[in-house]
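Peer 1: For reference, the structure I am asking about is given below.
Residue numbers (our numbering), protein chains in the order written: chain A, 22 to 447; chain B, 22 to 447.
This is the structure:
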């Protein structure tokens, strides 16, 4: 046990040396032809399938450890792999492989009056560090998306998933090597102490970007100590505004789906705003529908009055809460402006939806609400890279720099200016 | 004098209150119709012209102060405004006004299999802080570009230009007010102490991005203290590679232009790499051409041997130097791979050029050199927002996040996902 614990600690020099190797590998990956990166992705999917017994055995060790430490059932569920989940992980890699190639693509070509031909060429970012918690599938998803975008990555998962991540990292390494790419292009950090994160996110000469994924505590820790750029979201306090001209049946279905289909995820609904013009009818029906699904409703004075016996009075904290549970805050607002003002004050720049048949109101909501995903007549649950057509998702950004909203492989690239002339001078 | 000095000091509370006002103004500007922002830009240009006498008088105060403090002539030249320079500043604002509108533009619309219509809408970033040094034109350029992109900005110029910046800020405020926009949309910080910068770049709840422009010292100070995202470049160590298949006359003209047309700017040429296959002919001619223009040449052993009496031996530091002066480093490299490796090791991700008639060599150089601008058969001096067709430039980024290379108004925007449905749930 002592030896195993020690193996989880790596020194700052070790981390620097891992990151240097990742940097060198990033140059090889960036220059590798598209076919070679494609072959590596296909080989990684195959290796995950071929090594399933060893991966599941490693996962069982993590599950045993989690049970011994009394981890919460939700955490254990996130940690668990089985045949079906492994098959889905491998299938996601194949899907990413099948997406169109990004790197080297020329965009926005134009010719200047002096004859210079200007274009932008899509290129990788370099080395991406991903810091995450219990879900071992992130190891393979992140590796595949980074590779698709021509980057190397350094993956530092949670201690709960240590053995699973090492085993999955082994499958990824096998796939890279089968395609003739350096295994250091995807480095799974053999450490689970928090100091390793602090060191990693300080290596701004070797790492181009850090994406933390997990609870707010982890994300704040990374943001606080990072010297490299960080793309993150802290939380998703998603709103649904039921406008005066809403189709009420549609609003009920969208509210129900937003709140109850998967309450623990960041695009789940947390607050419902109901237009005063229809509150008398809409509030009782929303409360009945959600209450019938076991949702606790915390309302403002109007909702308490209209919503029936089950409604609790909301406190100030409820308007900013990300419950991640079967609880919803509900308020009556005077009009579209009041709804937008409420979202501006309490929103988290994640996802907000309006249900209305009034095209002008919808257009104003979509234009004026500044959140990274704005939705008309559909569920907030669509704020997801796969659902929005990105193929897969490396994370969601609620800060506006570089990427805003769900990020796929393209979010892991940038573009450079390519200038072609015939001897022009200035 | 005491009163004047005191007026340059503002407290942390003052800065927070300025930034809060800028944040509130940013919401107004973001929602303002395109015509209103356009009208403000046109009115700003008019106000700069109308207030020219007062602006030039303020500038004279700064010039007197600079002379009294014995500032370097180059610095005084950057500080100086005259009728012609003011006219150019106003004309640049009119040009920015005439550029196509960005905000609210829908891009990449597609319909998903479930009927959801997905698009991206271009939106402002919010509040941009620009921290800069002696050149007062930045005050107006930055204000105009931020406004074009629907942002508010906080401008903190150098102490040398204090009165000029206040006067130009007054003209900008007059233009904003004439168009019915809040003057706080462009805030010129009435302070010149460095502590104010430290405070500003820590206000991550109010400021979305900081762009420092100036010397490496200023930029490092900002990068070190910032809690807001920073877009920057430290230096431009630009390379020209004269390939074996170069048109030698073209190479001579491009080398001469890159080094001598404006040696003090970041896209000026600092290092010339000559392919060994043509070194016997090319090195003597390059040295003669540049030497004849008063350029000091610091060469490796081959260049010292071939370049004639005027060539000094380079030291290791020369390969990383940004001279910003009539000095150039020159080395002979074995081939394209050696040139790319040299640039990878010593480049600053700014701008690199190749001169060659060999299309395959050019294509490899353009693809494999990772700098933010790569150039074939033209001068590095074209790495400039105006020359690349961006209309104007807020800065150049040599870090890959968000923007890479010259940034215009579009670099001051981001995009959100807009989802339109007919009741879809998940």
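We put the CB at the ideal spot given by N, CA and C, even for glycine.
Being a predicted model, the structure only gives us computed values, none of them experimental.
Can you list, in chain order, the residues of its chain whose CB lies under 6 Å from that of residue 287/A, leaving out five sequence neighbours each side?
Peer 2: Once the five neighbours on either side are set aside, the close Cβ partners of residue 287/A are 257.
Peer 1: Would you say residue 446/A reaches chain B, if we count a Cβ-Cβ gap shorter than 8 Å as a contact?
Peer 2: yes
Peer 1: Quick one: list the residues of chain B neighbouring residue 233/A, beta-carbon separation under 8 Å, in chain order.
Peer 2: The premise fails here: residue 233/A is roughly 15 Å from chain B at the closest Cβ pair, so nothing lies under 8 Å.
Peer 1: In chain order, what residues of the stretch 135–146 of chain B put their CB closer than 8 Å to some CB of chain A?
Peer 2: 137, 139, 142, 144 and 146
Peer 1: List the residues of chain B whose Cβ lies closer than 8 Å to the Cβ of residue 271/A, in chain order.
Peer 2: 444
Peer 1: What residue from 372/B, 254/B, 272/B and 366/B has the CA that sits closest to residue 418/B's CA?
Peer 2: Of the listed residues, the one whose Cα sits closest to residue 418/B is 254/B.
Peer 1: For the stretch 391–412 of chain B, which residues have a beta carbon sitting closer than 8 Å to at least one beta carbon of chain A?
Peer 2: 391, 392, 393, 394, 395, 396, 397, 398, 399, 400, 402, 403, 404, 408, 409 and 410
Peer 1: Kindly examine the ligand HEM and report whether one of its heavy atoms sits closer than 7 Å to the Cβ of residue 147/A.
Peer 2: For the ligand HEM, the structure offers nothing, since it holds no ligand at all.
Peer 1: Identify every residue that forms a DSSP beta bridge with residue 397/A.
Peer 2: 375/A and 441/B
Peer 1: Using CA coordinates, which residue listed in 184/A, 112/A and 94/A is at the minimum distance from residue 78/A?
Peer 2: 184/A
Peer 1: When you compare the CB positions of residue 346/B and residue 319/B, do they come within less than 8 Å of one another, or not?
Peer 2: no
Peer 1: Using 8 Å as the threshold, is the C-beta distance between residue 232/B and residue 416/B below it?
Peer 2: yes
Peer 1: Enumerate in chain order the residues of its own chain whose CB-to-CB distance from residue 12/A is below 8 Å, with the five nearest sequence positions on each side excluded.
Peer 2: What is shown of chain A runs 22 to 447, which leaves residue 12/A out entirely.
Peer 1: According to DSSP, residue 259/B sits in a beta bridge with which residue or residues?
Peer 2: Answer is 290/B.
Peer 1: I need the boundaries of the beta strand (DSSP E) containing residue 127/B, first residue and last residue.
Peer 2: 127–132
Peer 1: What residue from 31/A, 113/A and 138/A has the CA that sits closest to residue 430/A's CA?
Peer 2: 113/A
Peer 1: For the beta strand (DSSP E) containing residue 151/A, name the first residue and the last one.
Peer 2: 148–153
Peer 1: Quick check: what's the CA-CA separation for residue 23/B versus residue 292/A?
Peer 2: Here the model assigns residue 23/B a pLDDT of 37, short of 50, so the residue's position is not dependable, and the following value carries that caveat. Distance between the alpha carbons of residue 23/B and residue 292/A: 55 Å.
Peer 1: With DSSP as the reference, please indicate the residues paired to residue 38/A in a beta bridge.
Peer 2: Residue 38/A pairs with nothing; no bridge assigned.
Peer 1: Is the beta carbon of residue 230/B closer than 8 Å to that of residue 500/B?
Peer 2: This structure leaves residue 500/B out entirely; chain B is present only between 22 and 447.
Peer 1: Using 8 Å as the limit for Cβ to Cβ distance, is residue 25/B near chain A?
Peer 2: At residue 25/B, the pLDDT of 44 sits below 50, so the modelled position is not reliable; the number obtained from the coordinates is stated separately. No - not a single Cβ of chain A is within 8 Å of the one on residue 25/B.
Peer 1: Under 7 Å between beta-carbons, which chain B residues line up against residue 94/A? List them in chain order, please.
Peer 2: Neighbours of residue 94/A on chain B: none; closest Cβ ~24 Å, over 7 Å.
Peer 1: Between the stretch 48–61 of chain A and chain B, which residues of the former have a C-beta closer than 8 Å to a C-beta of the latter?
Peer 2: 48, 51 and 52
Peer 1: Would the beta-carbon of residue 216/B fall within 8 Å of that of residue 87/B?
Peer 2: no
Peer 1: Answer with buried or exposed for residue 328/A, where buried requires no fewer than 16 other C-beta atoms within 10 angstroms of its C-beta.
Peer 2: buried
Peer 1: Is there a C-beta anywhere in chain B that falls below 8 Å from the one on residue 153/A?
Peer 2: no
Peer 1: Please classify residue 25/A: is it buried, with 16 or more other beta-carbons within 10 angstroms of its beta-carbon, or exposed?
Peer 2: Low local confidence applies: a pLDDT of 44 at residue 25/A is under 50, so the model's placement there is unreliable, with the coordinate-based value given in what follows. With fewer than 16 Cβ atoms within 10 Å of its Cβ, residue 25/A is classed as exposed.
Peer 1: What does residue 38/A touch in chain B if you count any residue whose Cβ is under 8 Å from its own?
Peer 2: Those do not exist, as residue 38/A stays about 19 Å from chain B at its closest Cβ, beyond 8 Å.
Peer 1: Closest to residue 223/B by CA distance: which of 103/A, 245/A and 117/A is it?
Peer 2: 245/A
Peer 1: Taking the alpha carbon of residue 435/A as the reference point, which residue from 126/A, 103/A and 385/A has its own alpha carbon closest?
Peer 2: 126/A
Peer 1: Out of 75/B, 300/B, 247/B and 278/B, point me to the one whose CA is closest to residue 266/B's CA.
Peer 2: 300/B
Peer 1: Give the DSSP bridge partners of residue 174/B, in chain order.
Peer 2: 149/B and 207/B
Peer 1: Cβ of residue 258/A less than 8 Å from any chain B Cβ?
Peer 2: Chain B, which has no Cβ nearer than 8 Å to the Cβ of residue 258/A, makes this no.
Peer 1: Looking at residue 370/B: is its Cβ nearer than 8 Å to the Cβ of residue 391/B?
Peer 2: For residue 370/B and residue 391/B, yes; Cβs fall inside 8 Å.
Peer 1: Should residue 67/A and residue 190/A be called a contact, given that it needs their Cβ atoms to be closer than 8 Å?
Peer 2: Going by C-beta atoms, residue 67/A is not nearer than 8 Å to residue 190/A.
Peer 1: Hey, is residue 126/B's beta-carbon within less than 8 Å of any beta-carbon in chain A?
Peer 2: no
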